[in-house]
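Have a look at the structure below before the remarks.
There are 2 protein chains.
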Amino acid sequence: MVVKKNIGIFIFDEVDVLDFSGPYEVFSRTRMNPGLESRLSKKTAPFEVFTVSQSEKTIVASGGLKIIANYNFLDNPKIDILVVPGGMGTRILIENKRTIEWIQNISNLASLVTSVCTGSLLLAKAGILENKKATTHWGALSLLKKISSSTKIMTTERVVKDGVITSAGVSSGIDMAFTVVSMLCGEAVSSDTAKYIEYKRSDEIIV
Amino acid sequence: MVVKKNIGIFIFDEVDVLDFSGPYEVFSRTRMNPGLESRLSKKTAPFEVFTVSQSEKTIVASGGLKIIANYNFLDNPKIDILVVPGGMGTRILIENKRTIEWIQNISNLASLVTSVCTGSLLLAKAGILENKKATTHWGALSLLKKISSSTKIMTTERVVKDGVITSAGVSSGIDMAFTVVSMLCGEAVSSDTAKYIEYKRSDEIIV
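Line order of the protein sequences matches chains Z and P.
Residue numbers for the first sequence follow the numbering used here, so the first one is 25 and each next one is one higher.
Residue numbers for the second sequence follow the numbering used here, so the first one is 25 and each next one is one higher.
Structure follows, in structure tokens:
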């Protein structure tokens with residue numbers, strides 16, 4: 025029997041579509057057994073993946089994609105792995121006390137905290153990146169430093185592991201997710217999942 | 025002034041998340057002007073991207089992601105570029121007359137028809153891939169041939185252009201979208217968009 029880990033993906037207005045959907049795809053398609061058949065059920069799925077918004081409502085992501093969050097801050101199940109994606113919406117949320125506190129509280133209880141793109145700005149604001157190596161979208165590297173001056177900003181890697189796992193812009197969230205799968209399920213499971221979604225993983229990852 | 029093209033992305037229950045969200049991201053982030061600033065508005069966006077479902081309702085994509093379609097078959101605006109993504113839901117839709125007829129009707133009027141992954145099964149059923157080169161997810165290559173015996177099945181390329189543009193499994197839809205951007209907006213616009221979303225494009229494309 026596979027003991028599933030809960031992966032909570034925070035979504036919000038103007039979250040970038042691929043920032044959250046890339047990791048969503050990777051985590052929800054991962055199976056401990058390889059091949060096509062195992063994907064027909066969730067029997068060997070190591071993760072239970074769901075979205076969480078601040079309030080119960082429809083989220084309008086980048087480009088106008090409408091998503092209904094599975095949960096909100098008041099009713100979300102226990103989150104083992106937190107994914108904080110980025111997007112223009114993060115600029116407003118940096119000043120949103122309720123969001124920052126929720127990220128702090130969830131992070132205190134989670135076994136792993138991750139971000140994609142400018143999601144790292146929210147982690148920085150929550151104090152989670154203090155004295156850690158981290159990255160973000162190339163257009164927000166200086167803003168990340170401004171929010172968390174003790175953070176060592178990594179400018180060339182797609183995925184940076186330093187307790188917290190941050191990733192560079194948008195599509196690098198897919199590589200972040202595969203890094204997590206490799207850590208928790210092993211390289212064979214990660215490779216099989218990449219084969220299933222026909223993704224060529226990047227090796228620009230630092231430990 | 026940029027004359028926008030309408031890109032309609034068909035979504036349905038058990039559509040694969042990355043199949044539709046990858047092209048959604050690429051098309052909705054494309055700008056004729058490069059850099060960060062141009063992405064703050066839709067002023068130089070060459071595409072208007074929207075989702076279309078058969079009926080007006082919430083779609084539950086792979087892994088349980090809930091999406092609200094922008095339009096349905098009865099009210100969708102003119103579609104210049106049709107994107108048909110794949111996913112397990114395609115297996116039922118192959119036998120859904122209303123869906124196949126909608127794809128036929130839209131394809132007759134569209135300037136470009138594209139598919140991701142097993143979306144090509146629906147194009148095949150609609151007769152759109154007759155005597156054409158095409159591809160699909162590696163697990164569905166023989167099924168594609170079974171549905172459209174005159175189609176030349178390409179087994180190693182991520183993106184196949186033969187009037188209709190088909191792509192291989194899941195993440196290769198991102199490469200399909202960049203192929204379209206390059207065709208319609210030029211290589212510089214395509215490269216700048218790839219840089220913005222930090223995606224490394226594949227060269228496994230045949231003309």
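Where is the CB? At the ideal position from N, CA and C, for every residue including glycine.
My assumption, with CB atoms under 8 Å, is that residue i sits in contact with residue j. Please give the rounded CB distance.
i                      : j                      : result
residue 134 of chain P : residue 99 of chain P  : Between residue 99 of chain P and residue 134 of chain P the Cβ distance is about 17 Å, and since that is not below 8 Å, they are no contact.
residue 7 of chain Z   : residue 165 of chain Z : The question about residue 7 of chain Z has no answer here: the residues shown for chain Z are numbered 25 through 231.
residue 41 of chain P  : residue 87 of chain P  : 6 Å
residue 31 of chain Z  : residue 51 of chain Z  : 5 Å
residue 127 of chain P : residue 158 of chain P : Wrong, their Cβ atoms sit about 14 Å apart, outside the cutoff.
residue 124 of chain Z : residue 150 of chain Z : 5 Å
residue 73 of chain P  : residue 33 of chain P  : 7 Å
residue 195 of chain Z : residue 221 of chain P : 5 Å
residue 83 of chain P  : residue 140 of chain P : The pair is not a contact, with the Cβ atoms about 16 Å apart (cut-off 8 Å).
residue 142 of chain Z : residue 156 of chain Z : Not really, about 17 Å apart at Cβ, beyond 8 Å.
Name, in chain order, the residues that DSSP records as bridge partners for residue i.
i                      : result
residue 106 of chain P : P/32, P/137
residue 72 of chain P  : P/30
residue 90 of chain P  : Z/92, P/84
residue 177 of chain P : P/158
residue 229 of chain P : P/183
residue 77 of chain Z  : Z/96
residue 189 of chain P : P/138, P/185
Could you name the residues of chain Z that residue i contacts, counting a contact when the two beta carbons are closer than 7 Å?
i                      : result
residue 108 of chain P : Those do not exist, as residue 108 of chain P stays about 17 Å from chain Z at its closest Cβ, beyond 7 Å.
residue 82 of chain P  : 92
residue 193 of chain P : 221, 222
Here's the rule: buried if 16 or more other CB atoms are within 10 angstroms of the residue's CB, otherwise exposed. What is residue i?
i                      : result
residue 101 of chain Z : exposed
residue 173 of chain Z : exposed
residue 21 of chain Z  : It is not possible to answer for residue 21 of chain Z, since the shown part of chain Z is limited to 25 through 231.
residue 229 of chain P : buried
residue 49 of chain Z  : buried
residue 187 of chain P : exposed
residue 28 of chain Z  : exposed
residue 237 of chain Z : Lying outside 25 to 231, the shown extent of chain Z, residue 237 of chain Z is not represented and no answer is given.
residue 116 of chain P : exposed
residue 122 of chain P : exposed
residue 218 of chain P : buried
residue 57 of chain P  : exposed
residue 94 of chain P  : buried
residue 67 of chain Z  : exposed
residue 192 of chain P : buried
residue 185 of chain P : buried
residue 160 of chain Z : buried
residue 138 of chain Z : buried
residue 54 of chain P  : buried
residue 212 of chain Z : exposed
residue 179 of chain P : exposed
Between residue i and chain B, is there a C-beta pair that is closer than 8 Å?
i                      : result
residue 205 of chain P : The displayed structure is made up of protein chains Z and P, and chain B is not among them.
Just to make sure I have the definition right: I need the residues of chain Z whose C-beta is within less than 8 Å of the C-beta of residue i. Which are they?
i                     : result
residue 60 of chain P : 163
Which bits of chain P does residue i rub up against, with CB to CB less than 9 Å?
i                     : result
residue 42 of chain Z : 42, 45, 46, 48, 49, 50, 53, 198, 221, 223
residue 94 of chain Z : 88, 89, 90
Quick one: which chain P residues come within Cβ less than 8 Å of residue i?
i                      : result
residue 73 of chain Z  : 87, 88
residue 226 of chain Z : 224
Cβ contact (3+ pairs, closer than 8 Å) linking the region 223-230 of chain P and the region 196-209 of chain P:
yes
Decide if the region 54-68 of chain P is in contact with the region 77-95 of chain P; the criterion is three or more beta carbon pairs, one per stretch, under 8 Å apart.
no
For the pair the region 108-117 of chain Z and the region 138-149 of chain Z, tell me if three or more CB-CB distances fall below 8 Å.
yes
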